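A quick write-up on the structure given underneath.
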Amino acid sequence: MADKKGLQTLSVDIGGSGIKVMVLDEAGNPVTDRDRVETPQPAKPEPVIAAVVGLAKGKAFDRVSVGFPGVVKAGITKTAANLDPDWLDVDLASILAQQLGKPVQVINDADMQGLGAIAGQGVELVITLGTGMGGALFLNGKLVPNLEPGHHEFRKGSTYEQQLGNAALEEVGKRKWNDRLSKAIASLEHLFNYDALYIGGGNAKYITLDLPKNAKIVPNISGLLGGIALWREEKGVRREG
Ligand code: BGC
Numbered sequence: 182m183a184d185k186k187g188l189q190t191l192s193v194d195i196g197g198s199g200i201k202v203m204v205l206d207e208a209g210n211p212v213t214d215r216d217r218v219e220t221p222q223p224a225k226p227e228p229v230i231a232a233v234v235g236l237a238k239g240k241a242f243d244r245v246s247v248g249f250p251g252v253v254k255a256g257i258t259k260t261a262a263n264l265d266p267d268w269l270d271v272d273l274a275s276i277l278a279q280q281l282g283k284p285v286q287v288i289n290d291a292d293m294q295g296l297g298a299i300a301g302q303g304v305e306l307v308i309t310l311g312t313g314m315g316g317a318l319f320l321n322g323k324l325v326p327n328l329e330p331g332h333h334e335f336r337k338g339s340t341y342e343q344q345l346g347n348a349a350l351e352e353v354g355k356r357k358w359n360d361r362l363s364k365a366i367a368s369l370e371h372l373f374n375y376d377a378l379y380i381g382g383g384n385a386k387y388i389t390l391d392l393p394k395n396a397k398i399v400p401n402i403s404g405l406l407g408g409i410a411l412w413r414e415e416k417g418v419r420r421e422g
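Just so you know, the working numbering puts the end of the sequence shown at 422, numbered straight through with nothing missing.
Next up, the structure:
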């Protein structure tokens, strides 16, 4: 708890296939190992929330950051393409604050990943490649929340997520997926003219293409490490426990 290392943050990454947690100290260094459970199926609010509460059990922390795989406004979930339609308008921040008895902030998972990855200078774009495809945009470290490139049209009448999500990777294989990714990067660079692109998510490890100089792969752990920046800058809306 709050000792010489300061406040401890339980960082939670809710994904389409796994839910991961880790406790971070105030400097953002991990103080526990990463803990993971499979995302309950169907991924309805009640079992997913119970899984998060289960992972939190036995861990010492003072506050909670949650990355959620959908649009989140003021702690309330607005979409969840890869979880379940029941997530429309769930006040996840308040529910977790009540169940965990600690202050909670919830933001989009790619936004949280971005906070753990960016340098804080210029226009920085983050994309995440996992079950779905997420994105986050920053100007000099300031987040433009809830960018949703995954559901935006990419090519051949398909969205970025339809072409690059996990289902597509399994369907077409790594070589074709890499070809698509290279086209996607060209298209995103043309649209955003970013200074730097960061690519994260569980499937980033399958990237074999030569990335442009201004693009780099970030470790999947940044999805959890971003949980600390959230409290530094109060990017989300805090709900008291
Ligand atoms: C969701 C995004 C999310 C991404 C990665 C997409 O389907 O719409 O909000 O960031 O998946 O989880």
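For each residue, glycine too, the CB sits at the ideal point set by N, CA and C.
Every value quoted in this text rests on a predicted model; they were computed, and no experiment measured them.
Cβ-heavy atom distance, G383 to the ligand BGC, below 7 Å: Working through the sequence shown from its first residue, we reach residue 383 at position 202. Not under cutoff, so the answer is no.
DSSP bridge partner residues for K337 (one or two, in chain order): In the sequence shown, counting from the first residue as 1, residue 337 sits at position 156. DSSP output for K337 lists no bridge partner at all.
Separation of I299 from I366, as counted between CA atoms: On the sequence shown, residue 366 is found 185 positions in, with the first residue counted as 1. On the sequence shown, residue 299 is found 118 positions in, with the first residue counted as 1. Looking at the two C-alpha atoms, the distance is approximately 17 Å.
Residue burial classification, V234 (beta-carbon count within 10 angstroms, cutoff 16): In the sequence shown, residue 234 corresponds to position 53, counting from 1. Exposed: under 16 other Cβ atoms inside 10 Å.
Residue from E342, L390, G251 whose Cα sits closest to the Cα of R356: Locating residue 356 in the sequence shown gives position 175, counting from the first residue. Among E342, L390, G251, the Cα nearest to that of R356 is on L390.
Under the three-state DSSP convention, the category Y379 falls into: For the purposes of this step, residue 379 is taken as the residue at position 198 of the sequence shown. DSSP places Y379 in strand when its eight states are reduced to three.
Delimiting residues of the alpha helix (DSSP H) encompassing A241: One-based indexing of the sequence shown puts residue 241 at position 60. Per DSSP, A241 belongs to no alpha helix (DSSP H) and is neither H nor E.
Distance CB(A410)-CB(G297) smaller than 8 Å: As a working note, residue 410 is residue 229 in the sequence shown. As a working note, residue 297 is residue 116 in the sequence shown. The answer is yes: Cβ separation under 8 Å.
Limits of the unbroken beta strand (DSSP E) element including K397: Along the sequence shown, one-based indexing puts residue 397 at 216. 396 to 398 is the extent of the beta strand (DSSP E) around K397.
Neighbourhood of D272 by C-beta, 7 Å cutoff - its chain only, sequence neighbours within 5 removed: If you number the sequence shown from 1, residue 272 lands on position 91. Hits under 7 Å: G256, I257.
Closest residue to I200 among A208, A224, K259 (Cα-Cα distance): For the purposes of this step, residue 200 is taken as residue 19 along the sequence shown, with counting starting at 1. It is A224.
Simplified DSSP state of D290, which is helix, strand or coil: What you label residue 290 is simply residue 109 of the sequence shown in a count that begins at 1. Of the three classes helix, strand and coil, the one that applies to D290 here is helix, per DSSP.
Residues that DSSP places opposite P221 in a beta bridge: Working through the sequence shown from its first residue, we reach residue 221 at position 40. Residue pairing by DSSP places P221 opposite no residue, since no beta bridge is assigned to it.
Three-way DSSP call (helix, strand, coil) for V193 in this model: Reading the sequence shown from its first residue, position 12 is the one you call residue 193. V193: strand per DSSP, three-state reduction.
Cutoff 6 Å; reference Q286; Cβ partners in own chain excluding five residues on either side: Locating residue 286 in the sequence shown gives position 105, counting from the first residue. Cβ within range, chain order: S246, L411, G417, R419.
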